[in-house]
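Remarks on the structure that follows.
Number of protein chains: 2
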Amino acid sequence: MGTAQPDTRTRIREAAAMLFRRNGFPGTGLKSIAAESGAPFGSIYHFFPGGKEQLAEDTIRTTGPEYMRLVLSLIEEATDPLEALGEAFDAAAATLAATDYADACPIATMALEVASTNERLRIATAEVFADWVEVGIRWFARWVDDPATARELAQSMIMLLEGAFLLSRAARDPEPIHAAGRSMVALTRTAIERSA
Amino acid sequence: MGTAQPDTRTRIREAAAMLFRRNGFPGTGLKSIAAESGAPFGSIYHFFPGGKEQLAEDTIRTTGPEYMRLVLSLIEEATDPLEALGEAFDAAAATLAATDYADACPIATMALEVASTNERLRIATAEVFADWVEVGIRWFARWVDDPATARELAQSMIMLLEGAFLLSRAARDPEPIHAAGRSMVALTRTAIERSA
DNA sequence: GTCTATATCCAGATAGAC
DNA sequence: GTCTATCTGGATATAGAC
Chain A
2 MGTAQPDTRT
12 RIREAAAMLF
22 RRNGFPGTGL
32 KSIAAESGAP
42 FGSIYHFFPG
52 GKEQLAEDTI
62 RTTGPEYMRL
72 VLSLIEEATD
82 PLEALGEAFD
92 AAAATLAATD
102 YADACPIATM
112 ALEVASTNER
122 LRIATAEVFA
132 DWVEVGIRWF
142 ARWVDDPATA
152 RELAQSMIML
162 LEGAFLLSRA
172 ARDPEPIHAA
182 GRSMVALTRT
192 AIERSA
Chain B
2 MGTAQPDTRT
12 RIREAAAMLF
22 RRNGFPGTGL
32 KSIAAESGAP
42 FGSIYHFFPG
52 GKEQLAEDTI
62 RTTGPEYMRL
72 VLSLIEEATD
82 PLEALGEAFD
92 AAAATLAATD
102 YADACPIATM
112 ALEVASTNER
122 LRIATAEVFA
132 DWVEVGIRWF
142 ARWVDDPATA
152 RELAQSMIML
162 LEGAFLLSRA
172 ARDPEPIHAA
182 GRSMVALTRT
192 AIERSA
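Order-wise, the sequence lines are chains A and B. Counted the way my numbering counts, the first sequence spans residues 2 to 197. Counted the way my numbering counts, the second sequence spans residues 2 to 197.
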C-alpha cells in the first residue's frame, strides 16, 4: 500500500511529542494523547509502563536530537557561515509562523517546567541541551580557532533561538527570530574577524 | 510592630507568584497556593473571583514589570554600558544559583505554556515582553543612534537572558548566563563602534 | 470577610475481559 | 496485544456556616 499507518507505539510517541511541545508536561493529559493517537488508553501503559514520566522522557530524548539534526541540516553544508546562520533563523521564523506559532523547540516548555520539579526529566533536558552545544561547538570550530569562542558562539546560538521562540510565540510575530538571526550573524562575524 | 504580616490578599499574590514561577500554570494548584500563603482556600475566590486564570494574569502583569525594574536598577546608573551589562548578567547568574536555580524569569514558563493554549494569558505575557523591549530600547538609545539598532539590542538582551535561564536551570550551572553576558557585551560593543 | 465542607470533574493509573 | 471499565486522588470551583 505504501500508505500503511505507523504502528500503535509510534503513533503514541508522535501524539505525545506534539502535545508535550504545545501544552507542556503537566498541561498534557494521557487521555488526550490516547485520543490524538487513536490508540486505546490502555495501550499507553502497555508500551510505556512508566506512564506519563516515561513518555515525557522518551519524548525529550527522541525529539531533542531530532530537532538538532533538523537545524544542523540547514547549516552543515555551508561555505559562508554568516549567510547560513541568517537563513537558518529565517527558516525557523517561517516554520513557526506556518504552524500558528506552535512548533518551536520541542522541549523548551517542558525543560522550564521540570527544572525545579522533576529531577529525572530535568536531567534528560540538560543532556539534550549539552549535546546541542557540543554539536554547535564542532560547527563553529570550522570558522574560529579558539575553542572557548566556539563554545560561546554555540551557546549563544541556542540561547538566542530559544529566547526568540519565547518572544515570537508570545507576540505571535516572527520578527524577534529575525532579530535574533541578525544578532547571531553579528556575533559570529566579530568572532571570525578576531580569529583571522 | 514593624513585623506585621502582609494582608491575606497580598500573601495570596506572593504565594501565587512564587509557585507559578517555579511550577508553571497547569503545574500549580490553587490548593498549594492556599497552603503556601497560609490563607484559607475560600479566600482565593473571595479576592480573585476569576479563579486560577485571574490569579495568573494578575501575577504576569505584576511580577513582569517588577522584574524589569529589578534588571533596570542594575544598569540605569551606568556610565559604561559594557561594564553595566556584564555585571547585570553576572548578578542574574548569582541570584539563580543562590535560589537553587528556581528564581529566573517570573513569567517565562507560563509564557511558553499559554502561548498556544490560553489567549488571554498569552496576550498578558506578550504585553509584558513588549514593555520590556520598549524600556530596553530607551536604555540602548543612550549609546547608539539608530533606533533599529537599539531595538535589536534590547530584544537580543532579553532573548539571551531568557535563553540563558533555560540552559542554566536545566543544567543547574550558572555558566550559560555568563556566556550570554559576554555575547551581549560583544554585540553592544560592535553596535556602539559602528554608531560612533 | 474568614473559613470549612462539599460538589463536580478529570487526572493518572490499573484490572481484567477479549 | 487490544480495548473497556473502573479505582483513587486531586483538581477547580462553589455553598454556606460563622
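Where is the CB? At the ideal position from N, CA and C, for every residue including glycine.
Asked	Found
Go through its chain and collect everything with a Cβ distance to aspartate 132(B)'s Cβ below 8 Å, but skip five positions before and after it.	Gly65, Pro66 and Met69
Indicate whether the contact test is met: 3 or more Cβ pairs, each with one atom in the stretch 18-28 of chain B and one in the stretch 117-130 of chain A, closer than 8 Å.	yes
Evaluate the contact criterion for the stretch 134-143 of chain B versus the stretch 162-174 of chain B: three or more CB pairs, one atom per stretch, below 8 Å.	no
Provide the residue span of the alpha helix (DSSP H) that contains serine 169(B), from first to last.	148-172
Compile a chain-ordered list of the residues in the stretch 20-34 of chain A whose CB is closer than 7 Å to at least one CB of chain B.	Arg23, Asn24, Gly25, Pro27 and Gly28
Just mark proline 41(B) as buried or exposed, buried being the case when its beta carbon has 16 or more other beta carbons within 10 Å.	exposed
Between isoleucine 61(A) and alanine 142(A), is the Cβ-Cβ spacing less than 8 Å?	no
What does the alpha-carbon distance come out to for the pair proline 7(A) and aspartate 104(A)?	22 Å
Should the stretch 89-99 of chain A be regarded as contacting the stretch 171-179 of chain A, the criterion being three or more beta carbon pairs within less than 8 Å?	yes
Please report the distance separating the alpha-carbon of isoleucine 178(B) from that of glycine 39(A).	43 Å
Among the candidates Arg183(B), Thr189(B) and Ala181(B), whose CA atom is the shortest distance from the CA of aspartate 146(B)?	Thr189(B)
Can you give me, in chain order, the residues of the stretch 88-113 of chain B that have a beta carbon less than 8 Å from any beta carbon in chain A?	Asp101, Tyr102, Ala103, Ala109, Thr110, Ala112 and Leu113
Short of 7 Å Cβ to Cβ, which residues in the stretch 140-160 of chain B face chain A?	Glu153, Gln156, Ser157, Ile159 and Met160
Would you kindly report the start and end of the unbroken alpha helix (DSSP H) that includes asparagine 24(A)?	9-24
Hey, how far is the Cα of alanine 112(B) from the Cα of glutamate 153(B)?	21 Å
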